[in-house]
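Undergrad: Quick one: the structure is below, and I'll ask about it shortly.
See the structure below:
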């Protein structure tokens, strides 16, 4: 009933379309970028407009070390994915776990900074406009890092029991796209909060 | 709807228990069934929001009427707008995209069937949450009910101080949840179109419906996300003591407006672009000619997609932006009218020289063309910031956007339903009832929405539960309300047609309209796997090439 | 249902043409300036320079869009009639035309040119209205939007009033326009007197500015145009454009403290010992609340409750007894006074001219 006789002289020799996992992840990244953009716009709009309370200059300390950790994790995950594509599962697992550790360190750093801001400087999300925009933006990013770490950990567990081989490398690449996105967002957040906003 | 049954003579096949059928439908990941679920869901909310509109119109029939209290009226217009945009417009268009895109590109399903199902159920949950507010939002002191801050929920009206109780929270959560569903579906559509086309279907051979849904999905990604962000900010303000929109702490009410309309304007193009797609598929078939100017139609749509992201503040011409900002948004708003207007000319060019068949889908399409022309022109009027300072926030705007949304989207959806119902169900909708539905709805629509421009020009603002007599608004409002009831009768006839034709309609066969795109190459309804073998195409109209092997399109493209 | 058996295209053409004629008639009726007192709310009956600039631009835009409408409507109608399929055509397809670059270029260029013209016309009016400098003779008013009433202050004249605005008529030879600064005490509102100016919003923490120079005396009506809560619909506006002499007299009256009438001492005592004075102000007395309208010269206003009811003793009594009877959801609480207190307070109010 749906047999279509092919009346045409030529079928295409190759018919290659993009990988749907990568296209979907690109779509997700576009949507997430739009969400982050709005929070960044709000942050920039409200710079200097707080009526009271601590200012960025007074309380912020640039997290150089933790930023290096997070950005390095992009390198480690890149090489991890490359290793898996070459069936070097041991190297993959080592680099993958290192990525998780670096990401976890970054989260620790964020937690430490927030602890200092809240208990030493009395800056909370409800203190003033700076507090609201700072915790929202950095917190949104931290949430995405956490979600990423959860996904990375799930893959690590599967890898430890031997279920991750070369044929899963495409999926691992899709996940690493997400991780690169999280790092790129941090570059923007870092610039906006710790450089421009002070 | 079970398209998997094969009748073998002499063999006893037991009737499947209804529980099993229900289970199949609830757990389906088949794009066709999810498409039908989206459409039925949207039609339910069309009726619900339509009833809300009728109550609004009864209240406004006479000045100082007391049919409903101001509190109820304010909830009604908020729920009507929110329901129609998010739980009627978006789902029905996602439903058609879900059903048609894989079939039209020769694929077996969407790229991510489970994500597809998850997105549908998220959207469904959103609708449920919104209406649960009617019983669940009471909070302390009974200070809450259905949302009543308007479907744009402007700050600071939505702050805890001015909206106690949980009505605003239900609005926010319902839209957050369905927003995630929309983003999921958009990702799915993009991945499907880019990654699942059948061999030979290069991007410039895709049906326009696929192209336009691709642009629509891209816009959803960029437009729904700002609303999601703004709603998180609103929740932070309401529950964590944040100050995003807290004017007492130096916050800005304008910021909400900007964020909302950065969503809100592309959103209306998200709603109309799939209807442009319907026009672009249906008008050629009933004019018996290919679409006039396929490449420009694609380019114009992509252009609309980009430019529409830059026009949002034309919803804010009265808020006190400076004259340079107002001028900027004037020029961008008028600019987006150019590619939109071009499309009308292309459809005109399609009909020109054709042999037009006035079947019911085509009647709705022709009405769409006249109505979208009018709506586009009132849009140009509204786009002039100076003229708009009188027109905005009045019934002129209400008339304009109902002209685009009812005269455009609803008419387009009706056309699509009449056109693809045979494919979905295997039966054709009754032509006589269809014509009755069309003419009644047309008369009611024009009575209501043509007249509605007049109170706007005479100074009647929107969102008022009653009005003063003697300003020239009285008779007009009465007639507008009458038109609403005529439309309601037409919709009742339509729903009856849907039901009756399902059981008694004429059998459709594969290709009742003698059309040219791939969905007509398979049975009606299609089997679960869509096509026995994946098609191979060489032109934009594969079935034209099959039916006219002496003069295929592939020779000219 | 014989109608349905007729050719659909005939019916369609007849219906569309009749609609077109009917709405043209309606448009002409609507657009025509109305002679009314008080003046109406017709945007095409401007009585002030900004409203007139907008109205003239609007007519220009309407003419251009009207021409586009007629041309495209005619083409659509023609194509639907001329190219209808006839029974004799069955089985034969028409010529399959895919497009035409020249035609498509033409119908792209022409709309772009039209857009440029409309934009330039608009930009000119925008600049003229929004960026107009304030001349020395201008009256300055600060309008503060509340849920659900209007507060008007004349800072240079020392006047505070509510809901009904008095401004002088402006002589083009020696203009005395009124420049308003728009503020809000709570949510968003919008100041709209259609015959005097386009609307401008009142947004908290975002002062706005607008002006109007009424060229005719009389009463001009309008109302809040930005949804602000339950009683948005009854936040009405009443602008009295007075001759220079009348305006000066009004100002002088407003600048006086409240009339002191010993015969209503009871009522005044009720007013000052209940919560009334927490919200309302009566100049020259202890009452200096700012949450509600200033009542010093209440009785020279034509309406109460921001236009929701006319200013009669009965309405005043009902309003004080139970505001929800007139404006359900209004923020004024029902004072729950007993009858004699209520009568006394109303008598006191009645002396505040």
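Chains as they are written, first to last, in this note's numbering: chain A, 84 to 281; chain B, 14 to 570; chain C, 235 to 587. We put the CB at the ideal spot given by N, CA and C, even for glycine.
At a CB-CB cut-off below 7 angstroms, which residues of chain A make contact with residue 429 (chain B)?
TA: Residues of chain A passing the Cβ test: none, with the nearest at roughly 22 angstroms.
Undergrad: Could you name each continuous alpha helix (DSSP H) segment of 4 residues or more that falls completely within the region 98-145 of chain B, going from the start of the chain to the end?
TA: 103-117
Undergrad: Using a beta-carbon distance below 8 angstroms, is residue 357 (chain B) in contact with chain A?
TA: Output row for residue 357 (chain B): interface = no.
Undergrad: Can you tell me where the alpha helix (DSSP H) with residue 149 (chain A) in it begins and where it stops?
TA: 147-168
Undergrad: Is the shortest distance between the beta-carbon of residue 194 (chain B) and the beta-carbons of chain A less than 8 angstroms?
TA: no
Undergrad: Cα separation between residue 130 (chain A) and residue 120 (chain A)?
TA: Taking the straight line joining both Cα atoms gives about 15 angstroms.
Undergrad: Below 8 angstroms on the Cβ atoms is my guess for residue 429 (chain C) versus residue 536 (chain C); work out the distance and round it to an integer in Å.
TA: Their Cβ separation, rounded to whole angstroms, is 18 angstroms, which puts residue 429 (chain C) and residue 536 (chain C) out of contact at 8 angstroms.
Undergrad: If we count Cβ pairs, one from each stretch, closer than 8 angstroms, do we get three or more for the region 514-530 of chain C versus the region 469-480 of chain C?
TA: no
Undergrad: Taking the alpha carbon of residue 110 (chain A) as the point to measure from, which residue in B:138, B:203 and B:256 has its own alpha carbon closest?
TA: B:203
Undergrad: Note down, in chain order, every chain B residue with its Cβ under 8 angstroms from the Cβ of residue 356 (chain C).
TA: 340, 343, 397, 398, 399 and 400
Undergrad: Under a CB-based cut-off of 8 angstroms, is residue 330 (chain B) close to chain A?
TA: no
Undergrad: May I ask which residues mark the beginning and end of the alpha helix (DSSP H) holding residue 256 (chain B)?
TA: Where residue 256 (chain B) is concerned, there is no enclosing alpha helix (DSSP H), given that its DSSP letter is neither H nor E.
Undergrad: So, using beta-carbon positions, are residue 395 (chain B) and residue 327 (chain B) closer together than 8 angstroms?
TA: yes
Undergrad: Counting only Cβ-Cβ distances shorter than 8 angstroms, please list the residues of the region 256-277 of chain B near chain A, keeping chain order.
TA: 256, 257, 262, 263, 264, 265, 268, 272 and 275
Undergrad: What are the boundary residues of the beta strand (DSSP E) that includes residue 400 (chain C)?
TA: 398-402
Undergrad: Mind checking the region 168-180 of chain B against chain C and listing, in chain order, the residues whose C-beta falls within less than 7 angstroms of any C-beta there?
TA: Considering only beta carbons, the part of the region 168-180 of chain B lying closer than 7 angstroms to chain C consists of 169, 170 and 175, in chain order.
Undergrad: Compare the Cα-Cα distances from residue 306 (chain C) to each of B:411, B:377, B:145 and B:359 and report the closest residue.
TA: B:359
Undergrad: Counting Cβ pairs, one atom from each stretch, are 3 or more of them under 8 angstroms apart for the region 47-65 of chain B and the region 449-460 of chain B?
TA: no
Undergrad: To the nearest angstrom, how far is the alpha carbon of residue 74 (chain B) from that of residue 480 (chain B)?
TA: 10 angstroms
Undergrad: Taking the alpha-carbon of residue 515 (chain C) as reference, which of C:491, C:496, C:499 and C:557 has the nearest alpha-carbon?
TA: Answer by Cα proximity: C:491.
Undergrad: At the 8 angstroms Cβ level, is residue 388 (chain C) part of the contact set with chain B, yes or no?
TA: no
Undergrad: So with CB distances below 8 angstroms, who are the chain A contacts of residue 522 (chain B)?
TA: Ordered by position in chain A, no residue passes the 8 angstroms Cβ test against residue 522 (chain B), which lies about 10 angstroms from the chain.
Undergrad: Shorter than 8 angstroms from the beta carbon of residue 229 (chain B) to some beta carbon of chain A?
TA: no
Undergrad: In whole angstroms, what separates the C-alpha of residue 247 (chain B) from that of residue 392 (chain B)?
TA: 30 angstroms
Undergrad: Between residue 47 (chain B) and the rest of its own chain, which residues show a CB-CB distance below 7 angstroms, the 5 nearest in sequence each way excluded?
TA: 41, 111, 129, 130 and 133
Undergrad: Let me confirm a value: residue 269 (chain A) is counted as buried when at least 16 other C-beta atoms fall within 10 Å, else exposed. Which label applies?
TA: Under this definition residue 269 (chain A) is a buried residue.
Undergrad: Identify the continuous beta strand (DSSP E) that holds residue 456 (chain C) and give its terminal residues.
TA: 452-457
Undergrad: Taking Cβ-Cβ distances below 9 angstroms as the criterion, which residues of the region 110-143 of chain A are in contact with chain B?
TA: 110, 111, 113, 114, 115, 116, 117, 118, 119, 120, 121, 122, 124, 125, 128, 129, 132, 133, 134 and 135
Undergrad: Just to check my reading of the structure: residue 108 (chain A) and residue 260 (chain A) have Cβ atoms closer than 8 angstroms, yes? What is that Cβ distance to the nearest angstrom?
TA: 5 angstroms
Undergrad: For the putative contact between residue 355 (chain C) and residue 317 (chain C), defined by C-beta atoms under 8 angstroms, what is the C-beta separation to the nearest angstrom?
TA: That belief does not hold up - the Cβ atoms of residue 355 (chain C) and residue 317 (chain C) are roughly 37 angstroms apart, past 8 angstroms.
Undergrad: Among all the DSSP beta bridges, which residues are the ones paired with residue 379 (chain C)?
TA: C:384 and C:418.
Undergrad: On the three-pair Cβ rule with 8 angstroms, is the region 288-307 of chain B touching the region 315-334 of chain C?
TA: yes
Undergrad: Taking C-beta pairs closer than 7 angstroms, name the residues in chain B that residue 442 (chain C) reaches, listed in chain order.
TA: 333
Undergrad: For a contact defined as C-beta to C-beta under 8 angstroms, what are the partners of residue 318 (chain C) on chain B?
TA: 368, 369 and 371
Undergrad: I'd like the list of long-range same chain contacts for residue 288 (chain C), defined as Cβ closer than 6 angstroms, with 5 residues on each side in sequence excluded.
TA: 432
Undergrad: Residue 215 (chain A) versus chain B: which residues are under 9 angstroms apart at the beta carbon?
TA: Think of a sphere of 9 angstroms around the beta carbon of residue 215 (chain A): the chain B residues whose beta carbon falls inside it are 246, 249, 250, 253, 254, 255, 256, 257, 259, 262 and 264, in chain order.
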